[in-house]
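Notes follow once the structure below has been shown.
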Amino acid sequence: MTSTAKTLPADAASIEKGSSLWADAFLRLKQNKLAMLGGIIVILILILCFIVAPILAMTGMDANAQDLTNRFAPIGEGKGGLGTDQLGRDLLMRVLEGGQISLLVAILATLMTVTIGVIYGGIAGYVGGRTGNIMMRIVDGLLAMPFLIIVILFREIISGHVDDLAKILIDDWGWNDNTVLRFANLIPLTIAIAGFGWLSMGRIVRSSAASLSQQEFVEAARSLGLSHRRILFRHILPNMLGPVIIYATLTIPSFILYEATLSFIGLGIEPPNSSWGKLIQEGANFLETNLTVLAIPAVMFSLTLFAFNFLGDGLRDALDPRASKD
Amino acid sequence: MLRVILSRLLQTIVVVFLLVTFTFFAVRAIPGNPFAAEKATSPEEQAALEAYYGLDKPLPIQYLNYWGNVIQGDFGDSLAMKGRKVSTLISESFPVSLKLGILSLFLGMGIGIPLGIIAALFHNKWQDYSAMVIAMAGICIVAFVLGPIFQLLIAKPLSLLNVAGWNRGSDIILPAITLCFGVAAYLARLTRGGMLDVLSQDYIRTARAKGVPTMQIITKHAMRPALMPAVTFLGPAFAAIITGSFVVENIFLVPGMGQHFVLGITSKDYNLVLGLVLFYGILMGIANLLSDIALIFMDPKLRNS
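Residue numbers (my numbering), protein chains in the order written: chain G, 14 to 339; chain P, 2 to 306.
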């Protein structure tokens, strides 16, 4: 005993520390320059839209303040330094507040997607058997539907009800009408996208839950007499975090894209609110007279999609090295 | 083969049925009514219009009537465009969408598949990285950003092409190029993944060991299985391109099916929306069937089972 103790290092600091899965993954992510760049851009855009924009708004800059004497100001002019649009509104504020709506829709819808997908897929995978099969058949059936068409229809239905609700809140409850109207425009779109967007997440979660619930440690937990809920939440869900995080990161840009597409064809965010899709659509009308009105939201929008996609791909490579081939 | 066709047929019938049922009740659940927007329509006139189009009957009856008419080949009259049948509107706009869809699909294949193969052959080299960055650009720089850029950079300075419209034969070029990028991007990624999978297989190593030239390995041994994921994607992509091109139609003023759908939704033209969705469901079934059949021809394992 004493002789073996001597060979061990005396101080704890020199003991090689084992690295956890997450630390390992982070190391791999750090080596992927494109993914790191994507991550940094994502953080910058989030800071710009959700911290800088509200601060600028408090200092008196207004995305909807028109100045018809100063229309189509080029880059370098205007309060925000990015010029003004066809009504003399400050482009910097417009693109940041538009981004707020775009990102809010995408992030909220992704959170809903994760919640529904994890619960539904987790149950289907853990229960398995015929119930699980039926649950997945329903998902397959819904996945066979044309996504955008269903989302458009769904949004139209919800938005009528939400508008009624908004009217009640403003007229009877005396709520601030700007905020209420903004959310009344945003929420139906978010629910509609999430309502049909969770299906792939459900599938991914189900397949990993199904394979996890076959493994020894779950069997051990079962034989210890743990409740289903405890097994599901303490043993299976934490082990699915990887795929869920990867897929959620890749879901955000696709939802940003859906939001923009719908707003572009006039079935999404409506004036006076705006989003990147709406701004690009407005800008495209003035293509011949002024390019910045289109270019600024288009660049921000594309940059955001790039950043999220590179980050998501990098996360996949880092967390799931075996799947990194494609 | 027959089993594949039959099961796809069955699946299409189920999907179309569910789709039409959902759409039928969904469009009617949208607040407002199709005739409210018309000028100076009194309640009596509105009621008369509703009675004329059979919209005064209870919903289940309307639903059954709709199926009854569809089975007889009657998609009903457009509610917003008076005097026009839904079938006429579809038969006018479908060829436009089909032409545009086929052209952009072939362009997308022509760009995407070679790009994916190159990326796989030079795995983890600069060719791979640049091909994948290009593919990512195709996914991230979407149609409504690309379209205006093309209008500005190509149509205006060259003045050979119209910025928008659908009058000359050349008017198809810009929308087709705009549409093809997304397809090309996904195809490139799928082809690269498929190719990498195949190239790591033992039989490819055997071929290499035998001294078969690389070019021959690719064309004779690797190509067919490597393209399977891409072919699986082509079916749904084709259907999506044909009806889902609202954006490109909107930018280039193409008189295709997408604009009818958007108009149908905003004007609550129940029959038009339903007709388009029904048509879309069938189209999707056909496209999926075509890609199933192509897969059977490509994969001997599927052929023999």
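Glycine included, each C-beta is placed from N, C-alpha and C at the ideal position.
Is it buried or exposed for residue i, if we count other Cβ within 10 angstroms and need 16 for buried?
i: lysine 302 (chain P); result: exposed
i: glycine 111 (chain P); result: exposed
i: leucine 60 (chain P); result: exposed
i: glycine 286 (chain P); result: buried
i: isoleucine 140 (chain P); result: buried
i: leucine 3 (chain P); result: exposed
i: serine 292 (chain P); result: buried
i: aspartate 326 (chain G); result: buried
i: alanine 18 (chain G); result: Confidence at alanine 18 (chain G) is low in this model, with a pLDDT of 47, below 50, so its placement is unreliable and no value can be given for it.
i: alanine 36 (chain G); result: exposed
i: arginine 193 (chain P); result: buried
i: alanine 228 (chain G); result: Before going further, note that residue 228 (chain G) is glutamine rather than alanine in the sequence given. By the neighbour-count rule (16 or more Cβ atoms within 10 Å), glutamine 228 (chain G) is not buried but exposed.
i: threonine 15 (chain G); result: Per-residue confidence for threonine 15 (chain G) stands at a pLDDT of 45, beneath the threshold of 50, marking its modelled position as unreliable; the derived number appears in the next sentence. So threonine 15 (chain G) ends up on the exposed side.
i: lysine 92 (chain G); result: buried
i: isoleucine 44 (chain G); result: Here residue 44 (chain G) is glutamine; the residue named in the question, isoleucine, does not match the sequence. Glutamine 44 (chain G) is exposed by the Cβ-count criterion.
i: lysine 338 (chain G); result: Here lysine 338 (chain G) scores only 43 on pLDDT, less than 50, and its place in the model is too uncertain to base an answer on.
i: asparagine 272 (chain P); result: buried
i: leucine 307 (chain G); result: buried
i: glycine 51 (chain G); result: buried
i: isoleucine 210 (chain P); result: The identity of residue 210 (chain P) in the sequence shown is alanine, whereas the question assumes isoleucine. By the neighbour-count rule (16 or more Cβ atoms within 10 Å), alanine 210 (chain P) is not buried but exposed.
Output, in chain order, the set of chain P residues within a Cβ distance shorter than 9 Å of residue i.
i: proline 159 (chain G); result: Leu20, Ala240, Ala241, Thr244, Gly245, Val278, Tyr281, Gly282 and Met285
i: isoleucine 120 (chain G); result: Those do not exist, as isoleucine 120 (chain G) stays about 18 Å from chain P at its closest Cβ, beyond 9 Å.
i: glutamate 272 (chain G); result: Going along chain P, no residue has its Cβ under 9 Å from glutamate 272 (chain G), so there is no contact; the nearest lies around 12 Å.
i: glycine 173 (chain G); result: Ala30, Ile31, Pro32 and Gly33
Going by the beta-carbon positions, is the gap between residue i and residue j smaller than 8 Å?
i: serine 98 (chain P); j: serine 201 (chain P); result: no
i: isoleucine 178 (chain P); j: phenylalanine 151 (chain P); result: yes
i: leucine 90 (chain P); j: histidine 261 (chain P); result: yes
i: methionine 258 (chain P); j: serine 8 (chain P); result: no
i: isoleucine 218 (chain P); j: valine 5 (chain P); result: no
i: methionine 125 (chain G); j: alanine 207 (chain G); result: yes
i: alanine 350 (chain G); j: proline 149 (chain P); result: Here chain G covers residues 14 to 339 and nothing more, so residue 350 (chain G) does not appear.
i: leucine 59 (chain G); j: leucine 153 (chain P); result: no
i: proline 35 (chain P); j: alanine 81 (chain P); result: yes
i: leucine 161 (chain G); j: leucine 212 (chain G); result: no
i: valine 127 (chain G); j: alanine 261 (chain G); result: yes
i: glycine 109 (chain P); j: alanine 185 (chain P); result: yes
i: leucine 199 (chain G); j: leucine 275 (chain G); result: no
i: methionine 229 (chain P); j: methionine 133 (chain P); result: no
Can you give me the start and stop residues for the alpha helix (DSSP H) that residue i sits inside?
i: arginine 107 (chain G); result: 104-140
i: aspartate 75 (chain P); result: Per DSSP, aspartate 75 (chain P) belongs to no alpha helix (DSSP H) and is neither H nor E.
i: serine 131 (chain P); result: 127-141
i: cysteine 181 (chain P); result: 174-200
i: asparagine 322 (chain G); result: 305-332
i: leucine 69 (chain G); result: 66-71
i: alanine 86 (chain G); result: Run containing alanine 86 (chain G): none; DSSP gives neither H nor E here.
i: histidine 174 (chain G); result: 160-184
i: tyrosine 260 (chain G); result: 250-277
i: phenylalanine 18 (chain P); result: 3-30
i: alanine 295 (chain P); result: 271-299
Below 8 Å on C-beta distance, what does residue i contact in chain G?
i: threonine 220 (chain P); result: Result: empty, since nearest Cβ-Cβ is about 22 Å, beyond 8 Å.
i: glutamine 152 (chain P); result: Leu300
i: valine 255 (chain P); result: Those within 8 Å of valine 255 (chain P) in chain G number zero; the least Cβ separation is about 13 Å.
Report the neighbours of residue i on chain G: residues whose CB is nearer than 9 Å to its CB, in chain order.
i: threonine 24 (chain P); result: Ile162, Ile163 and Leu166
Applying a beta-carbon distance threshold of less than 8 Å, which residues of chain P neighbour residue i?
i: phenylalanine 297 (chain G); result: At residue 297 (chain G) the sequence reads alanine, which differs from the phenylalanine that was named. In chain order: Phe145, Gly148, Pro149 and Ile252.
i: asparagine 322 (chain G); result: Met137, Ile140 and Cys141
i: leucine 280 (chain G); result: Val263, Ile266 and Thr267
i: leucine 307 (chain G); result: Pro149
Could you list which residues in chain G have their beta carbon closer than 7 Å to that of residue i, in chain order?
i: isoleucine 142 (chain P); result: Ser315
Residues of chain P with CB under 7 Å from residue i, in chain order?
i: alanine 311 (chain G); result: Val146
i: glutamate 169 (chain G); result: Ile31 and Ile266
i: phenylalanine 277 (chain G); result: Phe145 and Val248
i: leucine 318 (chain G); result: Cys141
i: isoleucine 293 (chain G); result: Phe145 and Val146
Review point. Three or more beta-carbon pairs under 8 Å between the segment 186-193 of chain P and the segment 111-118 of chain P, yes or no?
Key: yes
Exercise for review: Kindly confirm or deny that the segment 165-177 of chain G and the segment 235-255 of chain G touch, where touching means at least three C-beta pairs closer than 8 Å.
Suggested key: These segments do not touch.
Review point. Okay, do the segment 316-323 of chain G and the segment 257-275 of chain G touch, 3+ Cβ pairs below 8 Å being the bar?
Key: yes
Exercise for review: Would you be able to state if there are at least three C-beta pairs under 8 Å between the segment 234-241 of chain G and the segment 281-294 of chain G?
Suggested key: no
Review point. Does the segment 84-103 of chain G come within contact of the segment 178-194 of chain G, defined as at least 3 CB pairs closer than 8 Å?
Key: no
**Study point:** Stretch-stretch touch, CB-based, cutoff 8 Å, three pairs: the segment 209-221 of chain G with the segment 116-132 of chain G
**Key:** yes
Exercise for review: Mind the definition here: the segment 74-86 of chain P touches the segment 199-213 of chain P only if three or more C-beta pairs lie below 8 Å; say whether that holds.
Suggested key: no
Check your understanding: Do the segment 81-88 of chain G and the segment 105-122 of chain G meet, that is, are 3 or more Cβ pairs less than 8 Å apart?
Key -> no
Check your understanding: Is the segment 260-276 of chain P close to the segment 225-235 of chain P, with three or more CB pairs under 8 Å?
Key -> no
Point to revise | Sufficient close CB pairs (3 or more, under 8 Å) joining the segment 42-52 of chain P to the segment 66-75 of chain P | key: Pairwise C-beta distances place the segment 42-52 of chain P out of contact with the segment 66-75 of chain P, as fewer than three of them are shorter than 8 Å.
Review point. Taking one C-beta from the segment 67-74 of chain G and one from the segment 276-289 of chain G each time, how about it: are there three or more such pairs within less than 8 Å?
Key: no
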